[in-house]
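Right, one structure below, let's go through it.
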Amino acid sequence: MESITFGVLTISDTCWQEPAKDTSGPILRQLITETFANTQVIGNIVPDEKDLIQQELRKWIDREELRVILTTGGTGFAPRDVTPEATRQLLEKECPQLSMYITLESIKQTQYAALSRGICGIAGNTLILNLPGSEKAVKECFQTIRELLPHAVHLIGDDVSLVRKTHAEFQGSAQKGHICPHKTGTGTYSDRNSPFPMLAVQEVLSIIFNTVQKTANLDKILLEMSAPVNIPPFRASIKDGYAMKSTGFSGSKRVLGCIAAGDSPNTLPLAEDECYKINTGAPLPLEADCVVQVEDTKLLQLDKNGQESLVDIMVEPQAGLDVRPVGYDLSTNDRIFPALDPSPVVVKSLLASVGNRLVLSKPKVAIVSTGSELCSPRDQLTPGKIFDSNTTMLTELLVYFGFNCMHTCVLSDSFEKTKESLLELFGVVDFVICSGGVSMGDKDFVKSVLEDLQFTIHCGRVNIKPGKPMTFASRNNKYFFGLPGNPVSAFVTFHLFALPAIRFAAGWDRCKCSLSVVNVKVGSNQFNHIVKLC
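Residue numbering for the sequence shown follows my numbering, starting at 566 and increasing by one per position.
Here it is, written out as structure tokens:
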């Protein structure tokens, strides 16, 4: 589809007041950018007010490049559900069959879809579709219409050449055996189509997070932890300098000795014309209340042992200067983690600082590569073979992200050998990450083995390139990720799907499990589309 702009309008009193509660709008925007790579998406939130809905819709309709508007919310039976009424008054043509199609497909998922009153229609050059407000419903509705949208846009824009092309492809498919890439097969031997439906990336992630069980609720454990000690447990010097009384003014002072980090606090009396040389992090003498940094002093005299005995304090001492009070960083019974950082470095370091040695078990992971053509990088390469790089890559990625690989193996293309190995591995690990054997070749046995082992295959295809054959399956809190054998595809799908699942199982908060996504618009005319960088 040519470069166009989509509009996603969330209509909800609640989301208008608290935008963070809007989940359907962001999901729709994500689905659009994943499905139509050369598009841009704008979004907004309005309350359930007819005038405000129409005002926003009119602004978008007047934008020439904005060709499709998807509204979410306000389509039900409640008194303030007025989205269809607000939309209808702006339409030049209604599209009742499109709204009927959405409803019929939605009813297959839930009978409550019959209670949605959303309409579809055309205003100017813009197609407007009312979708329900729930996150689940907008996903299902978008999957229903996504393949129709490009042709609908071409028809509304009277793009004759593209319309004819689509019609020709449609007419020719019956005669030439054209296979749609989104077509789902029956799974029989003669069927060349995958029996698994094509799922959107966000939908697959939702399935993963709803399937994988946490070994521990790390957030809950950490947020409830309190400090058993004060940090620092004594008044500590922030700088190298001289500890003294702030009432003693500047001028020359006798140096009574040196206090180093790790020394016990000095409890001896301290006069106003006396001081102690002190190192950073050392405890202040009992009667001192400030530190003057060494840069603001001048050495006047050494004793017979070469130690400082008299210094000139060139600034006025100030109470509390360069001193960390007891409990300045953390007080006894304070929460250690007022906010959580997903980094294990931060978590472990903070816990160590208060003497806590919390040990949380990490998910046990095994790495498997499949293919009779593979040989270990340590072996001699023979004709017809290639070195296995995926095992090394996936193992190193696990280590890089703070997890350990319990076992690795390379399997030949054998149903029985694959079944035997997976059965053995799942006896000792929680996750198996496998590369290869999940596509449509007659030697790709992995999915058949999973079914034979009574695993539930939640996902057999993802709408992503590279990585379409990515497979996710589970049984009794054991999880299998089948990544494509191509190293680039395996690399991408590990980051997008396997890593978030392992992090979630380890106790990470769901919103922090996936890597950050940055939308970048490529400047070249040839590749002028939205690219996602993880």
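By construction, the Cβ of each residue, glycine as well, lies at the ideal position given by its N, Cα and C atoms.
With 16 other CB atoms within 10 Å as the buried threshold, where does residue i fall?
i	result
K842	buried
S738	Its pLDDT being 42, under 50, S738 is placed unreliably in this model, and the coordinates cannot settle the point.
K863	exposed
I592	buried
G1106	Since the first residue of the chain shown is 566 and the last is 1099, residue 1106 is not available in this structure.
P1049	buried
F1037	buried
F996	buried
P793	exposed
T637	buried
L713	exposed
E839	buried
Considering just the uninterrupted stretch of the beta strand (DSSP E) at residue i, what are its terminal residues?
i	result
S874	E873 to I878
Y677	Y677 -> no beta strand (DSSP E), and no H or E assigned at all.
Which same chain residues end up closer than 6 angstroms to residue i when comparing Cβ atoms and leaving out the 5 residues on each side of it in sequence?
i	result
V859	D805 and G806
Y754	Note that Y754 scores a pLDDT of 47, beneath 50, so its modelled location is shaky; the value from the coordinates is reported in the next line. Closer than 6 angstroms at Cβ, skipping near neighbours: no residue.
V769	C1024 and V1027
E630	T570
P797	R889
Span of the alpha helix (DSSP H) holding residue i?
i	result
A1066	L1064 to A1070
C706	E700 to I710
F1056	P1052 to T1058
Based on the DSSP output, what are the partners of residue i in its beta bridges?
i	result
Q858	G806
K658	I687
G1047	C999 and T1036
G816	I878
V718	Its beta-bridge partners do not exist; DSSP assigns none.
E839	R819
A993	It is Val, not Ala, that sits at residue 993 in the sequence shown. Its beta-bridge partners do not exist; DSSP assigns none.
V930	C970 and F996
P848	A801
So, for residue i: in the same chain, excluding its five sequence neighbours on each side, which residues have a beta-carbon less than 7 angstroms away from its beta-carbon?
i	result
S926	T780
K741	Residue placement at K741 is flagged as unreliable, the pLDDT there being 40, under the threshold of 50; a coordinate-derived value is accordingly withheld.
F557	Since the displayed the chain opens at 566 and closes at 1099, residue 557 lies outside it and no answer follows.
S811	D854, C855, P882, Q883 and A884
I1029	V766
F966	L1064
N831	I824, Y841, P850 and L851
Could you compute how far the alpha carbon of residue i sits from the alpha carbon of residue j?
i	j	result
Q945	K701	52 angstroms
E659	S986	58 angstroms
I610	G1072	33 angstroms
M879	R889	22 angstroms
L574	C1076	23 angstroms
I1067	P848	44 angstroms
K624	V1057	39 angstroms
S681	I634	18 angstroms
G752	P760	A caution first: G752 carries a pLDDT of 45, below 50, which makes its placement in the model too unreliable to give a value.
C940	I951	6 angstroms
G686	R653	8 angstroms
A917	V777	30 angstroms
E621	V647	14 angstroms
N695	L988	48 angstroms
I693	S1054	36 angstroms
T947	F902	55 angstroms
F1010	D616	58 angstroms
Going along the chain, which residues of its own chain have a beta-carbon closer than 8 angstroms to the beta-carbon of residue i, five neighbours each way excluded?
i	result
K1008	S937, D978 and G1002
P1100	Residue 1100 cannot be examined here, being either before or after the span of the chain that is shown, 566 to 1099.
V1111	With the chain running from 566 to 1099 in the structure shown, residue 1111 is simply not present.
T640	D646, T648, P649, S681, R682, G683, N695, L696, P697 and G698
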